[in-house]
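Sequence lines, in order, name chains A and B. Heads up, the first sequence is in the numbering used here, so the first residue is 2 and it goes up one at a time. Heads up, the second sequence is in the numbering used here, so the first residue is 2 and it goes up one at a time. We put the beta carbon where it would ideally sit given N, CA and C, even for glycine. As structure tokens, the structure follows; a few thoughts come after it.
Protein chains: 2
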Amino acid sequence: MPIDIATAHAFEGSRQDRRRARTRAELLAAAKRLLASKGFHATKIADIAAAADVGTGTFYLYFPTKEALFSDLVKETALRAKEEMDRAKEPVADPRAKARVAIETFFRFADRNRDVFKILFGHSAQFDELLREVHQVFIADVEENQASGVAAGAFKPFRPAIVGQAIVGMLSQVTSWWLERDDISIEEITDTVHRLLQDGIAVKENPHE
Amino acid sequence: MPIDIATAHAFEGSRQDRRRARTRAELLAAAKRLLASKGFHATKIADIAAAADVGTGTFYLYFPTKEALFSDLVKETALRAKEEMDRAKEPVADPRAKARVAIETFFRFADRNRDVFKILFGHSAQFDELLREVHQVFIADVEENQASGVAAGAFKPFRPAIVGQAIVGMLSQVTSWWLERDDISIEEITDTVHRLLQDGIAVKENPHE
DNA sequence: CATAGTTCTGAACGGTAATTCAGTTCTGAA
DNA sequence: TTCAGAACTGAATTACCGTTCAGAACTATG
Chain A
2 MPIDIATAHA FEGSRQDRRR ARTRAELLAA AKRLLASKGF HATKIADIAA
52 AADVGTGTFY LYFPTKEALF SDLVKETALR AKEEMDRAKE PVADPRAKAR
102 VAIETFFRFA DRNRDVFKIL FGHSAQFDEL LREVHQVFIA DVEENQASGV
152 AAGAFKPFRP AIVGQAIVGM LSQVTSWWLE RDDISIEEIT DTVHRLLQDG
202 IAVKENPHE
Chain B
2 MPIDIATAHA FEGSRQDRRR ARTRAELLAA AKRLLASKGF HATKIADIAA
52 AADVGTGTFY LYFPTKEALF SDLVKETALR AKEEMDRAKE PVADPRAKAR
102 VAIETFFRFA DRNRDVFKIL FGHSAQFDEL LREVHQVFIA DVEENQASGV
152 AAGAFKPFRP AIVGQAIVGM LSQVTSWWLE RDDISIEEIT DTVHRLLQDG
202 IAVKENPHE
């Protein structure tokens with residue numbers, strides 16, 4: 002019977018089911034690609050459908066709304082990343098080692114899920130170009146300071162480009178969070194950020210006294 | 002003459018000029034407030050005009066487009082912040098001290114320009130709620146690790162809430178930047194971020210050997 | 001083939017909001 | 001008081017998508 006042959010190496014479902022699954026996967030792949038590169042607002046349903054080589058209406062046979070697709074994509078990936086990090090940290094006891102393992106796992110996962118991570122952690126919406134440009138002003142500053150600090154022997158020889166991104170990213174997030182509260186003094190926020198950047202979070206392994 | 006009296010204590014321009022300047026300032030103030038609290042897309046021109054107590058059309062007598070207003074606001078403030086930081090760092094020589102002064106100046110400026118800094122560094126667009134929620138998963142994780150690290154004496158006693166924001170902010174920015182390139186290995190990025198967080202950028206003042 | 005069901009299509013609909021503009025109100029010099 | 005020009009108004013225009021839907025195309029069985 003043709004049916005048997007057709008379904009023989011499929012794990013489940015009829016040919017129709019597989020066709021459906023394929024269309025869905027194509028839409029999802031197109032959506033990931035476009036959302037990651039152009040951001041939510043700039044990505045039109047018509048674009049996604051066209052990229053998946055189906056008609057506009059077909060999109061709605063597979064996803065209820067544009068927002069639902071976006072939300073599912075983002076949440077599902079974040080949860081998987083979190084689980085993977087948890088699994089990796091689980092057998093490790095020391096907090097310092099835990100932190101190290103978490104960071105390793107995080108970047109490995111990001112590397113394997115580039116498109117969605119660009120959505121999750123990227124700036125790509127309408128004004129991101131403008132905001133990027135503005136952040137760049139600060140990043141350039143930090144890069145310079147890092148480079149000259151390294152030259153003077155005051156800073157460790159980390160790549161200035163990475164340090165620039167890292168510090169401005171930290172400042173950006175901390176600032177937006179801090180500006181919404183009023184229970185943390187400017188002295189504490191300044192001091193914590195400064196010490197974090199200068200000396201890190203770790204306590205020295207064997208303090209002399 | 003009425004004109005003399007009217008213009009006596011104005012630094013420049015006629016009454017009309019001042020009226021015009023006032024309307025413009027009111028629109029700008031309303032825009033800052035609304036953009037900071039609701040984000041770009043959720044802020045309608047009609048809202049801004051209403052908040053400034055003028056008609057919708059009046060907006061366009063002062064600004065060519067909504068985007069232009071947004072862009073001007075953001076760029077102008079960023080440049081002022083940069084200038085202020087430069088002025089503060091200028092007389093300082095040591096890179097470590099420069100970094101400290103830059104951070105102090107940054108937060109003082111942010112504090113004095115809250116509205117625009119919420120636009121500049123804040124997440125407030127349509128999906129920021131979703132993305133915030135997702136980031137929160139990672140932030141919670143870092144907070145936990147920080148708290149238990151402090152308890153174990155492995156980490157310095159920084160407020161876990163601040164450390165959570167700081168680390169996820171750094172990861173977020175670095176990740177989005179790194180994912181767009183292919184000239185930095187996963188080992189270097191992981192290692193730099195990890196060492197930055199653990200021990201900071203500073204070289205120890207007086208290494209024993 | 002015939003046909004019932006399934007999948008797909010893309011033009012049309014509806015809501016939203018930026019922008020325009022024809023007309024109104026205000027201002028101040030004469 | 002008059003009136004030209006400046007400032008303002010908000011309904012109408014326009015553009016832009018997300019979403020729907022009536023029908024076309026395809027598929028698999030008898």
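Q) Are the beta-carbon atoms of A141/A and Q174/B separated by less than 8 Å? A) Start at 1 with the first residue of the first sequence, and residue 141/A comes out as number 140. Start at 1 with the first residue of the second sequence, and residue 174/B comes out as number 173. Cβ atoms of A141/A and Q174/B: not closer than 8 Å.
Q. Does DSSP classify F128/B as helix, strand or coil?
A. Numbered from 1 along the second sequence, position 127 holds the residue referred to as residue 128/B. Three-state DSSP puts F128/B in coil, outside helix and strand.
Q.
Strictly by DSSP, which residues pair up with A203/B?
A. Locating residue 203/B in the second sequence gives position 202, where the first residue counts as 1. For A203/B, which the question treats as bridged, DSSP gives the partners F156/A.
Q) Excluding the five sequence neighbours on either side, which residues of its own chain have a C-beta within less than 6 Å of the C-beta of V164/B, listed in chain order? A) Taking the second sequence and counting its residues from 1, one reaches residue 164/B at position 163. Counting only Cβ-Cβ distances below 6 Å, and skipping sequence neighbours, we find Q147.
Q: Flag S149/B as yes if its beta-carbon sits less than 8 Å from any beta-carbon of chain A, otherwise no.
A: Translated into positions along the second sequence, residue 149/B becomes position 148. It does; some Cβ of chain A falls within 8 Å.
Q: With a threshold of 16 other CB atoms inside 10 Å of the CB of S177/B, please say whether the residue is buried or exposed.
A: Against the second sequence, residue 177/B aligns to sequence position 176. That one is buried.
Q. Mind checking whether L74/B and K33/B have CB atoms under 8 Å apart?
A. The count along the second sequence starts at 1 and reaches residue 74/B at position 73. The count along the second sequence starts at 1 and reaches residue 33/B at position 32. Result yes, Cβ atoms of L74/B and K33/B sit closer than 8 Å.
Q) Are the CB atoms of A50/A and T59/A nearer to each other than 8 Å? A) Taking the first residue of the first sequence as 1, we reach residue 50/A at position 49. Taking the first residue of the first sequence as 1, we reach residue 59/A at position 58. Their beta carbons are under 8 Å apart, which means A50/A touches T59/A by this criterion.
Q. Measuring CB to CB, does I104/B end up less than 8 Å from T57/A?
A. As a position in the second sequence, residue 104/B is number 103, starting the count at 1. As a position in the first sequence, residue 57/A is number 56, starting the count at 1. Against a cut-off of 8 Å, the Cβ pair of T57/A and I104/B comes out as no contact.
**Q.** Selection from V194/A, V117/A and P158/A that minimises the alpha carbon distance to E181/B
**A.** Within the second sequence, residue 181/B is the residue found at index 180, counting from 1. Taking only the C-alpha atoms, the option nearest E181/B is V117/A.
Q.
Taking CB distances under 8 Å as the criterion, tell me whether P96/A reaches chain B.
A. Taking the first sequence and counting its residues from 1, one reaches residue 96/A at position 95. P96/A counts as touching chain B.
(Q) Just to confirm before moving on: does the CB-CB distance between F122/A and F128/B stay below 8 Å? (A) Here residue 122/A refers to the residue found at position 121 when the first sequence is read from its first residue. Here residue 128/B refers to the residue found at position 127 when the second sequence is read from its first residue. Taking 8 Å as the Cβ cut-off, F122/A and F128/B do not qualify as a contacting pair.
Q.
Rounding to the nearest angstrom, what Cα-Cα distance links P208/B and D112/B in this structure?
A. One-based indexing of the second sequence puts residue 208/B at position 207. One-based indexing of the second sequence puts residue 112/B at position 111. Note that P208/B scores a pLDDT of 45, beneath 50, so its modelled location is shaky; the value from the coordinates is reported in the next line. Taken atom to atom, the span from the alpha-carbon of P208/B to that of D112/B is near 37 Å.
Q.
Closer than 7 Å between beta carbons: that is the criterion. Which residues of the segment 172-206 of chain A meet it against chain B?
A. Taking 7 Å as the Cβ-Cβ cut-off against chain B, the residues of the segment 172-206 of chain A that qualify are L172, S173, Q174, V175, T176, S177, W178, L180, I187, I190, T191, T193, V194, H195, L197, L198, Q199, D200, G201, I202, A203 and V204.
Q.
One question on the structure: do A37/B and K119/B come within less than 8 Å of each other, judged by their Cβ atoms?
A. Sequence index remark: in the second sequence, residue 37/B carries index 36 (1-based). Sequence index remark: in the second sequence, residue 119/B carries index 118 (1-based). Closer than 8 Å, so yes.
Q. Going along chain B in order, which residues have a C-beta closer than 9 Å to the C-beta of R115/A?
A. Here residue 115/A refers to the residue found at position 114 when the first sequence is read from its first residue. Chain B residues near R115/A: L180.
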